[in-house]
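See structure below.
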Amino acid sequence: DGGITQSPKYLFRKEGQNVTLSCEQNLNHDAMYWYRQDPGQGLRLIYYSQIVNDFQKGDIAEGYSVSREKKESFPLTVTSAQKNPTAFYLCASSIVSGGSYEQYFGPGTRLTVT
Amino acid sequence: QQQVKQSPQSLIVQKGGISIINCAYENTAFDYFPWYQQFPGKGPALLIAIRPDVSEKKEGRFTISFNKSAKQFSLHIMDSQPGDSATYFCAASMRGSNYKLTFGKGTLLTVNP
């Protein structure tokens with residue numbers, strides 16, 4: 002089956018610890034995105050990458066870091082510098098040619114930091 | 773600055789009724805307007821999308837109406853069903869934005885049986 006895999010579904014961490022969220026896609030999409038979702042806030046873009054070894058900050062990148070060493074993988078690290086890390090994190094991917102804007106989303110990871 | 777404003781925040785409709793969710797945008801450079809549907813604990817899924825060269829697009833019970841002059845677009849769900857109960861997000865994107873989507877804050881739709 003083609004799609005986007007995010008793991009784990011639920012993640013618990015203590016305050017002050019860094020944590021890495023996994024995102025893998027087998028859709029052969031060039032672009033990948035990380036969003037954060039909070040109740041009543043919609044989806045806010047954290048980081049995105051259009052090509053391997055290149056990525057750009059989104060609207061709320063502070064306290065987060067990413068890497069794009071392989072086309073199919075785009076892990077997100079939530080660092081201890083992120084002041085309010087508890088949220089639902091969504092990874093997405095898309096084609097970046099032919100004027101196509103459609104993004105496909107993974108099932109999400111719910112991170113709880115206490 | 774929120775570039776896509778979505779209303780209402782929540783909506784309750786009786787089974788068989790019409791659900792209407794509205795979005796307004798500010799940036800006239802936007803040229804792609806999708807609607808996503810999200811069930812609890814799941815990722816959003818594309819429902820239907822429109823480009824500004826048409827005023828309406830229909831797919832089954834779902835219709836997007838687009839008003840370019842008013843910079844507004846809306847989602848109509850005809851014959852709403854309890855299975856349509858979900859959160860709906862409008863979004864917008866434009867050429868030159870690296871294909872980024874700007875999302876509205878979402879509408880929680882509840883369809884009562």
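Line by line, the protein sequences are chains A and B.
Start counting the first sequence at 2; every next residue gets the next number (the numbering used here).
Start counting the second sequence at 773; every next residue gets the next number (the numbering used here).
Cβ atoms here follow ideal geometry from the backbone N, Cα and C, with glycine treated the same way.
Q: Keeping to the same chain, check which residues put their C-beta closer than 6 Å to that of T852(B); ignore five residues upstream and five downstream.
A: For the record, residue 852(B) in the displayed sequence is Ser; it is not Thr. Correct list, in chain order: V785, G789, S791, V883.
Q. Bridge partners of K872(B), per DSSP?
A. Residue pairing of K872(B) in beta bridges, as defined by DSSP: absent, with no partner found.
Q: Measure the alpha-carbon distance for T87(A) versus Q18(A) and round it to whole angstroms.
A: Each residue's Cα considered, the two are about 13 Å apart.
(Q) Please tell me whether L818(B) and Y105(A) are closer than 9 Å, where the distance is taken between their beta carbons. (A) Cβ atoms of L818(B) and Y105(A): closer than 9 Å.
Q. Between which two residues does the beta strand (DSSP E) harbouring R111(A) extend?
A. Where R111(A) is concerned, the enclosing beta strand (DSSP E) stretches over 110-114.
Q: Could you have a look at P824(B) and say whether DSSP puts it in helix, strand or coil?
A: In the structure shown, P824(B) sits in coil (DSSP, three-state: anything other than H, G, I, E or B).
Q: Would you kindly work out how many angstroms separate the C-alpha atoms of P886(B) and K787(B), rounded to a whole number?
A: No answer is possible for residue 886(B): it lies beyond the span of chain B, which begins at 773 and ends at 885.
Q) List, in order along the chain, the chain A residues whose C-beta lies closer than 8 Å to that of G855(B)? A) Around G855(B), no beta-carbon contact reaches into chain A at under 8 Å, the shortest distance being about 19 Å.
Q: Consider the Cβ of I1(A): report whether some Cβ of chain B lies at a distance smaller than 9 Å.
A: Residue 1(A) is absent from the model: chain A starts at 2 and stops at 115.
Q. L818(B) versus chain A: which residues are under 8 Å apart at the beta carbon?
A. Those within 8 Å of L818(B) in chain A are E103, Q104, Y105.
Q) Leaving out the 5 sequence neighbours to the left and right, which residues in its chain are closer than 6 Å to E798(B) when beta-carbon positions are compared? A) Short of 6 Å from the beta carbon of E798(B), and not among the five residues preceding or following it, lie these beta carbons of its own chain, in chain order: Q775.
Q: Answer yes or no: does any C-beta atom of chain B fall closer than 9 Å to that of S8(A)?
A: Taking Cβ atoms only, chain B never reaches closer than 9 Å to S8(A), which makes this a no.
Q: Would you mind stating whether Y871(B) and V79(A) have Cβ atoms separated by less than 9 Å?
A: Here Y871(B) is not near V79(A), since their CB atoms are 9 Å or more apart.
Q: Check the C-beta distance from Y49(A) over to Y65(A) and give it rounded, since I have them as a contact under 8 Å.
A: Actually they are not in contact, since the Cβ atoms of Y49(A) and Y65(A) sit about 12 Å apart, beyond 8 Å.
Q: Could you have a look at D39(A) and say whether DSSP puts it in helix, strand or coil?
A: Of the three classes helix, strand and coil, the one that applies to D39(A) here is strand, per DSSP.
Q) Can you round the beta-carbon distance between A801(B) and M866(B) to whole angstroms, since I take them to be within the 8 Å contact cut? A) Their Cβ separation, rounded to whole angstroms, is 5 Å, which keeps A801(B) and M866(B) in contact under 8 Å.
Q | Candidates D55(A), R45(A), P76(A): closest to A62(A) by CA position | A | Measuring from the Cα of A62(A), the nearest candidate turns out to be R45(A).
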